[in-house]
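Report on the structure given below.
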Amino acid sequence: MSTHSRCYDETIVRIYLDYNATAPLHPEVVDVMSRLLRDEFGNASSVHSFGQQAKMAVDDARTAVAALIGADPSDVVFTSGGTEADNLAIRGAAEAREAGGKRHLIASGIEHEAVLNTFKALERRGWITTLLPVGEDGILSPDVLRAALTPETAFVSVMHANNEVGTIQPIAELAAVTRATGALFHTDAVQSAGKIPVSVSALGVDLLSISGHKFGGPKGTGALWIRRGVRLTPFMTGGRQERNRRAGTENVPSLAGLGVAAAIARRQLDHAGLIAGQRDRLEQGILTGVPGTAINGDPHRRVPNTTNISFDGIEAESLLIALDLEGVAVSTGSACSSGSLEPSHVLKAMGLPHARTLGSIRFSLGAANTEADVDRVLEALPPLVEKLRSLTTVGGRK
Ligand SMILES: Cc1ncc(COP(=O)(O)O)c(C=O)c1O
């Protein structure tokens with residue numbers, strides 16, 4: 003028995019409420035990937051029929067991904083995920099503009115690390131960066147962006163939906179403000195694609211990133227949509243794949259899985275109301291059943307599956323572990339930073355009091371959740387919170 007499995011009671015019914023970290027693979031995705039892994043090994047660049055079969059699978063996937071974001075397939079570049087799509091957008095645009103003299107980049111302070119740490123890397127190369135504050139509602143105001151744009155600004159990156167609190171940014175307005183100055187606008191749509199309708203033309207952006215594993219596709223898949231005519235310098239150099247924009251032999255089974263997941267996500271966008279109903283019942287049940295709780299972020303302008311709730315007098319990590327022992331999987335923020343006791347940079351950027359940033363839990367629901375899951379969490383949570391409150395004061399043990 004591994005030390006890992008010893009921590010858990012294997013008879014427990016497990017409830018997964020961490021879809022923003024990753025979503026389970028859809029069975030149709032598993033089927034198509036298994037078939038391709040087993041039966042179709044061709045290289046999509048090969049001229050013979052094995053290659054053409056692989057190329058067809060990649061083309062179908064590109065068409066499905068393009069349809070999910072209202073784009074033309076030829077403007078979609080496959081990547082190894084959301085992180086690489088963000089890197090390609092930001093580094094690619096920066097490098098292509100390095101000689102132009104404009105060296106100012108802007109992002110919101112609530113971006114994912116894929117954007118924030120890429121900005122830091124460019125800072126070390128002499129780029130000037132500005133991270134904009136959001137309101138306590140977790141929304142970036144177009145006026146704040148307008149005031150930050152300068153003639154030196156080359157590029158702005160603002161996420162469509164935030165991974166921790168779920169807030170949806172006014173991307174169409176932010177993009178319009180930016181593009182009026184001649185700067186490029188990128189949005190990280192990793193947490194919105196598959197959850198709400200996403201249309202590159204309605205948003206009016208230049209670049210848009212998505213990630214497959216957030217909507218039932220395999221990990222290690224994603225895409226960057228590039229508006230036609232926008233110049234990027236690729237950082238993966240090698241073969242001529244992806245029309246010279248991202249070198250490397252295509253991962254055909256995974257891309258096919260991404261395509262199937264995109265098609266299913268698009269078909270199931272109208273299930274959002276069902277998920278929102280469960281989310282709202284969970285949220286209301288917590289707010290009324292557990293004293294000292296509050297929603298973080300705008301309760302209306304957010305994706306349908308996410309609620310981020312602060313619990314006064316609780317260390318979120320302790321509650322996460324207590325819930326996990328009860329079979330309920332949640333998160334204290336972005337999956338990449340869990341394990342560290344640093345308060346969430348998102349909640350900090352929203353200006354929430356320190357104690358509240360340390361006591362916040364993200365519940366993110368998805369297609370497989372049921373009303374019974376909500377009932378179970380609402381039953382388990384109040385006594386756990388009460389027990390932890392009797393043991394803990396934030397900042398130290400009693
Ligand atoms: C908003 C956002 N952007 C980017 C990423 C990174 O995507 P990937 O895991 O595919 O690299 C994530 C993943 O958590 C995310 O939530």
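Residues 3 to 400 (this note's numbering) are what the sequence shown spells out, left to right.
Just so it is clear, CB atoms sit at the ideal spot from N, CA and C, and this is done for glycine as well.
Take tyrosine 18 and list the residues in its own chain whose beta-carbon comes closer than 6 Å to its own, dropping the five residues that flank it on each side.
-> Closer than 6 Å at Cβ, skipping near neighbours: Ala331.
beta-carbon serine 333 near ligand 1 non-hydrogen atom, thresh 7 Å | no
Say the cut is 7 Å; is the CB of glycine 137 nearer than that to a heavy atom of ligand 1?
-> no
Taking C-beta to C-beta, are alanine 318 and serine 256 nearer than 8 Å?
-> no
Evaluate contact between the stretch 234-249 and the stretch 81-95, counting only Cβ atoms and requiring at least three cross-stretch pairs below 8 Å.
-> yes
Three-state class that DSSP yields for arginine 242 in the structure shown = coil
Tell me the start and end of each unbroken beta strand (DSSP E) in the stretch 65-93 that is at least 3 residues and wholly inside, in chain order.
-> 78-81
Indicate, with yes or no, if ligand 1 has a heavy atom lying under 7 Å from the CB of histidine 418.
-> An answer regarding residue 418 cannot be provided, because it is not within the stretch 3 to 400 covered by the chain.
Proximity winner among Asn310, Asp272, Ser201, relative to leucine 354 (alpha-carbon distances) = Asn310
Tell me threonine 189's beta-bridge partners as DSSP assigns them.
-> Within the DSSP secondary-structure output, threonine 189 pairs in a beta bridge with Leu210.
Beta strand (DSSP E) segment containing phenylalanine 313, residue limits = 308-313
For glutamate 125, count neighbouring Cβ atoms within 10 angstroms of its own Cβ and tell me buried if that reaches 16, exposed if not.
-> exposed
Kindly examine ligand 1 and report whether one of its heavy atoms sits closer than 7 Å to the Cβ of asparagine 165.
-> yes
Rounded to whole angstroms, what's the CA-CA distance from proline 345 to threonine 155? Just pull it up for me.
-> If I take the Cα positions, the gap works out to 30 Å.
Quick one: does the C-beta of alanine 116 sit closer than 7 Å to a heavy atom of ligand 1?
-> yes
Inter-stretch contact at 8 Å, needing at least 3 Cβ pairs: the stretch 257-265 / the stretch 57-66 | At 8 Å Cβ cutoff, the stretches touch.
Cβ neighbours of serine 339 in the same chain (closer than 6 Å, five flanking residues each side left out) | Model confidence at serine 339 stands at a pLDDT of 48, short of 50, so the residue's coordinates are unreliable and nothing is read from them.
Nearest neighbour of leucine 133, chosen from Val158, Arg127, Pro153 [CA to CA] = Val158
Starting from alanine 123, trace the alpha helix (DSSP H) both ways and give me its first and last residue.
-> Its alpha helix (DSSP H) spans residues 115-125.
Give me the Cα-Cα distance between glycine 196 and alanine 264, rounded to the nearest whole angstrom.
-> 7 Å
Per DSSP, serine 110 forms a beta bridge with which residues?
-> Leu134
So, is lysine 122 buried or exposed, given that buried needs 16 or more other C-beta atoms within 10 angstroms?
-> exposed
Do you know offhand how far leucine 325's Cα is from serine 36's?
-> A straight-line Cα-Cα distance of about 34 Å links leucine 325 and serine 36.
Please confirm whether arginine 364 and threonine 169 have their CB atoms less than 8 Å apart.
-> no
Assign threonine 251 to one of two classes, buried (16 or more other C-beta atoms within 10 Å of its C-beta) or exposed (fewer than that).
-> exposed
What residues in its chain sit with their C-beta under 7 Å from that of valine 202, if we drop five residues either side in the sequence?
-> So the qualifying residues of the chain are Ile71, Gly72, Ala73, Leu210, Trp227.
Mind listing, in chain order, the continuous beta strand (DSSP E) runs of no fewer than 3 residues lying wholly within the stretch 239-307?
-> 295-297
The stretch 377-392 touching the stretch 285-296, judged by at least three CB pairs closer than 8 Å | yes
Heavy atom of ligand 1 less than 7 Å from the Cβ of serine 110, yes or no?
-> Checking the Cβ of serine 110 against ligand 1 gives no.
Please indicate yes or no: does the CB of valine 232 lie closer than 7 Å to some heavy atom of ligand 1?
-> Incorrect: valine 232 has no Cβ contact closer than 7 Å to ligand 1.
Rounded C-alpha distance that separates leucine 393 from arginine 105 | 51 Å
Threonine 372 - DSSP class collapsed to helix/strand/coil = coil
Counting only the same chain and skipping the five closest in sequence on each side, list residues whose C-beta sits under 6 Å from that of glycine 398.
-> Only weak support is given to the placement of glycine 398: the predicted model assigns it a pLDDT of 48, under 50, and the value that follows is read from those uncertain coordinates. Once the five neighbours on either side are set aside, glycine 398 has no close Cβ partner at all.
Min CB distance asparagine 165 to chain C below 8 Å | Although the question refers to chain C, the structure presented lacks it and comprises just one protein chain.
Report back the beta-carbon spacing between alanine 351 and isoleucine 112 to the nearest angstrom; my notes put them in contact at under 8 Å.
-> 5 Å
Which residues share a DSSP beta bridge with threonine 169?
-> Arg304
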